[in-house]
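There are 2 protein chains.
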Amino acid sequence: MVRKPTSKESARKPNMREAILAAAEELFATNGFNAVSVRDIAQAAGANPGSVTYHFKTKDGLLLEIYRRHCGPMNLRRSELLAAAKRVRDLQDRLEAIVRAYVVPAFTSGSDLAGGGARFTRLRAVMSAEGNEVARKIIAQTFDDTSHAFIDAIHESLPHIPRTDIVWRSHFLLGALYYSLVTPDRVSRLSRGEADGSDPANAIEQLVQATVAAFQAPPLDQAASARRRPVVSNKT
Amino acid sequence: MVRKPTSKESARKPNMREAILAAAEELFATNGFNAVSVRDIAQAAGANPGSVTYHFKTKDGLLLEIYRRHCGPMNLRRSELLAAAKRVRDLQDRLEAIVRAYVVPAFTSGSDLAGGGARFTRLRAVMSAEGNEVARKIIAQTFDDTSHAFIDAIHESLPHIPRTDIVWRSHFLLGALYYSLVTPDRVSRLSRGEADGSDPANAIEQLVQATVAAFQAPPLDQAASARRRPVVSNKT
DNA sequence: ATGTGATTTGTACTATCGTACAAAAGATCA
DNA sequence: TGATCTTTTGTACGATAGTACAAATCACAT
Chain Y
1 MVRKPTSKES
11 ARKPNMREAI
21 LAAAEELFAT
31 NGFNAVSVRD
41 IAQAAGANPG
51 SVTYHFKTKD
61 GLLLEIYRRH
71 CGPMNLRRSE
81 LLAAAKRVRD
91 LQDRLEAIVR
101 AYVVPAFTSG
111 SDLAGGGARF
121 TRLRAVMSAE
131 GNEVARKIIA
141 QTFDDTSHAF
151 IDAIHESLPH
161 IPRTDIVWRS
171 HFLLGALYYS
181 LVTPDRVSRL
191 SRGEADGSDP
201 ANAIEQLVQA
211 TVAAFQAPPL
221 DQAASARRRP
231 VVSNKT
Chain G
1 MVRKPTSKES
11 ARKPNMREAI
21 LAAAEELFAT
31 NGFNAVSVRD
41 IAQAAGANPG
51 SVTYHFKTKD
61 GLLLEIYRRH
71 CGPMNLRRSE
81 LLAAAKRVRD
91 LQDRLEAIVR
101 AYVVPAFTSG
111 SDLAGGGARF
121 TRLRAVMSAE
131 GNEVARKIIA
141 QTFDDTSHAF
151 IDAIHESLPH
161 IPRTDIVWRS
171 HFLLGALYYS
181 LVTPDRVSRL
191 SRGEADGSDP
201 ANAIEQLVQA
211 TVAAFQAPPL
221 DQAASARRRP
231 VVSNKT
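Read top to bottom, the protein sequences are chains Y and G. Under this note's numbering, the first residue of the first sequence carries the number 1, and numbering increases by one thereafter. Under this note's numbering, the first residue of the second sequence carries the number 1, and numbering increases by one thereafter.
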């Protein structure tokens, strides 16, 4: 009989299941899915390999549970911030608030906080790069709603920009966001130590500032693309 | 091109070595390094697993050779385009030309062309996400020069923007570029079929337009960051 | 045609992978 | 305490990984 935890959760270690999830999250996010073995995860969590099988059945199941754990709270948080942002009167300020609502939850460093977090965002970036099938399915059915909500909100504050352009630019935003979390050291290196790529507050401000300007760029209509004949044409 | 094919080069198939390189490039770029086995590569190239060992010694050696093959020509191409871009008089046009010089070689679809190409760029994106050690070493010592050259050029056409900001924004550009090549289908999906994320010409124009605007955004100085107190502060 | 060196094949070895499963240990409550 | 359920451990199995290596095969100068 499956009983709900009556008074308190019991385990020899504080919570082995959580430890495994945290370890897997960290290892997957930094090394990718295939490079990390179940034994690696177990060792990092101070657990036995068999425990992973017991709690999550398979390695895919473990990844699935990581997504399940984060997706709900993260989208909730984003919805709240988006709703607040949409109440901003000034259109320019509203656009910035919307972008901030999208970016900030992705950078939060709270490890206890279930929703969002830089580690989970980085995990998603790596999984998307690896074309992970488990992640791909979840992403499409969980994040597209949120993405559409943000795109619509941005579109409302920039009515003269075609929706297509906004989609492209929000795609670029996500790419920039991902990459900032994947290789923050590159920023420090290229700036010769003048900037700290690992500082989330820094990254957020830079990203918001650059992205708002990108969204406000003139639309890419026929006239514009006809005006600028490319120096180097691409193979069609 | 016609060297002496005397006693040095010969193979039963047109060129098995090339076939293996091409197959590995394709598989690594779409599935990551660890998800692809040497046997997968051999099969895709119509070769025997032993052939891979013969030509490249190890799996790492194969990846290394892929980078070696592409890095030189790609950087050369970029240098040429950058030099041409720097000769543009008008500062606004010059900035766009510089960005284009950076972006265009990364999207070229020529498979015979050794320099650059979308496939190799995507490969780099995936390797960077996976934190691949072989790739990391090569990248740092091969691409940083080029990156600095572009950053300097952009800085010259935007003298009032601090170099730090330019580094961040060019970092975002690379992230957006990578992500566009990794998951082009997402653009098609989110735009509900109105845009084709797989069309390189389209991606280039959108990326150039958005990036130029991002570079031209006002600098992120003390005044700006003080003015906008964040809605949600991040853990320091 | 034949010898020679370059390439390809076939196979085998060892390590490690994900996972299954029985036994041990811990927790819970009559 | 003893019965029962949950969790952890230890171990093993089949599959597959990267790589080594000898034999077979090919291209070509002689």
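The beta carbon of each residue, even a glycine, is placed where N, CA and C say it ideally should be. This structure is a prediction, so every number in the text was calculated from the model and none was measured.
Problem set entry | Contact set between Tyr67/G and chain Y, taken where Cβ atoms lie within less than 7 Å | Mapped onto the second sequence, residue 67/G falls at position 67. Under the 7 Å cutoff, chain Y gives no residues; its nearest Cβ is about 16 Å from Tyr67/G.
For this session: Consult DSSP for Gly50/Y and reduce its assignment to one of helix, strand or coil.
Result: Locating residue 50/Y in the first sequence gives position 50, counting from the first residue. Looking at Gly50/Y - three-state DSSP - the assignment turns out to be helix.
Exercise. Name the chain Y residues that come within less than 8 Å of Arg237/G, Cβ to Cβ?
Worked result: The structure shown does not extend to residue 237/G, since chain G spans only 1 to 236, so no value can be given for it.
For this session: Starting from Phe107/G, follow the alpha helix (DSSP H) in both directions and report where the run begins and ends.
Result: One-based indexing of the second sequence puts residue 107/G at position 107. First-last of the alpha helix (DSSP H) with Phe107/G: 91-107.
Problem set entry | Collapsed DSSP secondary structure at Leu220/G in the structure displayed | The count along the second sequence starts at 1 and reaches residue 220/G at position 220. Leu220/G falls in the coil class under three-state DSSP.
Problem set entry | As assigned by DSSP and simplified to three states, the class of Ser198/G | Looking up residue 198/G in the second sequence gives position 198. Correct three-state label for Ser198/G: coil.
Problem set entry | Terminal residues of the alpha helix (DSSP H) in which Ala83/Y lies | In the first sequence, the residue the question calls residue 83/Y occupies position 83. First-last of the alpha helix (DSSP H) with Ala83/Y: 59-86.
For this session: Using a Cβ-Cβ cut-off of 8 Å, state whether Arg39/G counts as contacting chain Y.
Result: Position 39 of the second sequence, counted from the start, is the residue given in the question as residue 39/G. It does not: the Cβ of Arg39/G has no partner Cβ on chain Y nearer than 8 Å.
For this session: Determine the direct distance from the alpha carbon of Ala106/Y to that of Glu130/G, and round the result to whole angstroms.
Result: Locating residue 130/G in the second sequence gives position 130, counting from the first residue. Locating residue 106/Y in the first sequence gives position 106, counting from the first residue. About 19 Å.
Exercise. What span of residues does the alpha helix (DSSP H) with Pro184/Y cover, start to end?
Worked result: Your numbering for residue 184/Y matches position 184 in the first sequence. It spans 184-190 - the alpha helix (DSSP H) in which Pro184/Y sits, taken as one unbroken run.
Exercise. Does the region 59-70 of chain Y touch the region 94-103 of chain Y, meaning 3 or more C-beta pairs lie closer than 8 Å?
Worked result: no
For this session: Flag this pair as yes or no: are the beta carbons of Ile151/G and Val167/G separated by less than 8 Å?
Result: Here residue 151/G is taken as the residue at index 151 of the second sequence, counted from 1. Here residue 167/G is taken as the residue at index 167 of the second sequence, counted from 1. For Ile151/G and Val167/G, yes; Cβs fall inside 8 Å.
For this session: Report the residue from Arg77/Y, Val36/Y, Asn34/Y, Pro218/Y whose alpha carbon sits nearest the alpha carbon of Leu158/Y.
Result: The sequence position of residue 158/Y within the first sequence is 158, counting from 1. The shortest Cα separation from Leu158/Y among Arg77/Y, Val36/Y, Asn34/Y, Pro218/Y belongs to Pro218/Y.
For this session: Pair every Cβ in the region 172-179 of chain G with every Cβ in the region 172-185 of chain Y, then say whether three or more of these pairs are closer than 8 Å.
Result: yes
Exercise. DSSP state of Leu21/G, grouped into three classes?
Worked result: Here residue 21/G is taken as the residue at index 21 of the second sequence, counted from 1. The answer is helix: DSSP assigns Leu21/G an H, G or I state.
For this session: Identify the contact partners of Arg186/Y in chain G, using a Cβ-Cβ distance below 8 Å as the criterion.
Result: Taking the first residue of the first sequence as 1, we reach residue 186/Y at position 186. Those within 8 Å of Arg186/Y in chain G are His171.
Exercise. How about the region 63-70 of chain Y and the region 20-32 of chain Y: do they share at least three Cβ pairs that are nearer than 8 Å?
Worked result: yes
For this session: Count the other C-beta atoms from every protein chain shown that fall within 10 angstroms of the C-beta of Tyr54/G, then say buried if there are 16 or more, exposed otherwise.
Result: Position 54 of the second sequence holds residue 54/G. It counts as exposed.
Exercise. Excluding the five sequence neighbours on either side, which residues of its own chain have a C-beta within less than 7 Å of the C-beta of Arg17/Y, listed in chain order?
Worked result: Here the question's residue 17/Y lines up with position 17 in the first sequence. Taken in chain order, the residues that qualify are His55.
Problem set entry | Three-way DSSP call (helix, strand, coil) for Leu158/Y in this model | Here residue 158/Y refers to the residue found at position 158 of the first sequence. Coil.
Exercise. Mind checking Gln206/G: buried by the 16 CB within 10 Å criterion, or exposed?
Worked result: To locate residue 206/G, count along the second sequence from 1; it is residue 206. Buried: at least 16 other Cβ atoms inside 10 Å.
For this session: Between the Cα of Ile154/Y and those of Gly32/Y, Lys86/Y, Thr183/Y, Phe172/Y, spot the shortest distance and give me the residue it belongs to.
Result: Position 154 of the first sequence, counted from the start, is the residue given in the question as residue 154/Y. Minimum Cα distance to Ile154/Y is reached at Lys86/Y.
For this session: Give every residue of the same chain whose Cβ lies closer than 8 Å to the Cβ of Ala118/Y, excluding the five residues on either side of it in the sequence, and list them in chain order.
Result: Walking along the first sequence from the start, residue 118/Y turns up at place 118. Around Ala118/Y: Ala106, Phe107, Thr108, Ser109, Leu181, Pro200.
Exercise. What did DSSP end up calling Phe33/Y once you bin it into helix, strand or coil?
Worked result: Residue 33/Y sits at position 33 when you count from the first residue of the first sequence. Note: Phe33/Y maps to coil in three-state DSSP.
For this session: Use the C-beta contact count for Ser37/G: other C-beta atoms within 10 angstroms, 16 or more gives buried, fewer gives exposed.
Result: Start at 1 with the first residue of the second sequence, and residue 37/G comes out as number 37. The residue in question, Ser37/G, is exposed, as its Cβ has fewer than 16 Cβ neighbours within 10 Å.
Exercise. Does Gln209/Y have its Cβ less than 8 Å from a Cβ in chain G?
Worked result: Your numbering for residue 209/Y matches position 209 in the first sequence. By this cut-off, Gln209/Y is an interface position.
Problem set entry | Distance between Val88/G and Ala140/Y (C-alpha atoms, nearest Å) | Your numbering for residue 140/Y matches position 140 in the first sequence. Your numbering for residue 88/G matches position 88 in the second sequence. Those two C-alpha atoms are separated by around 43 Å.
For this session: Give every residue of the same chain whose Cβ lies closer than 7 Å to the Cβ of Val212/Y, excluding the five residues on either side of it in the sequence, and list them in chain order.
Result: For this step, residue 212/Y is matched to residue 212 along the first sequence. Closer than 7 Å at Cβ, skipping near neighbours: Leu95, Glu96, Val99.
For this session: Find out if the Cβ-Cβ distance for the pair His171/Y, Arg186/G is shorter than 8 Å.
Result: For the purposes of this step, residue 171/Y is taken as the residue at position 171 of the first sequence. For the purposes of this step, residue 186/G is taken as the residue at position 186 of the second sequence. It is a contact, given that the beta carbons lie within the stated cut-off.
Exercise. Looking at the C-beta of Ser180/Y, does it have a partner C-beta in chain G at a distance below 8 Å?
Worked result: On the first sequence, position 180 is the one that residue 180/Y refers to. Closer than 8 Å: yes.
Exercise. So, is Gln92/Y buried or exposed, given that buried needs 16 or more other C-beta atoms within 10 angstroms?
Worked result: Your numbering for residue 92/Y matches position 92 in the first sequence. Looking at its Cβ environment, which holds fewer than 16 other Cβ atoms inside 10 Å, Gln92/Y is exposed.
Exercise. Gly175/Y by DSSP, collapsed to three states: which one?
Worked result: By one-based count along the first sequence, residue 175/Y stands at place 175. If DSSP states are grouped into helix, strand and coil, Gly175/Y belongs with the helices.
Exercise. With burial defined as no fewer than 16 other Cβ atoms inside 10 Å of the residue's Cβ, what is the status of Arg68/G: buried or exposed?
Worked result: Mapped onto the second sequence, residue 68/G falls at position 68. By the neighbour-count rule (16 or more Cβ atoms within 10 Å), Arg68/G is not buried but exposed.
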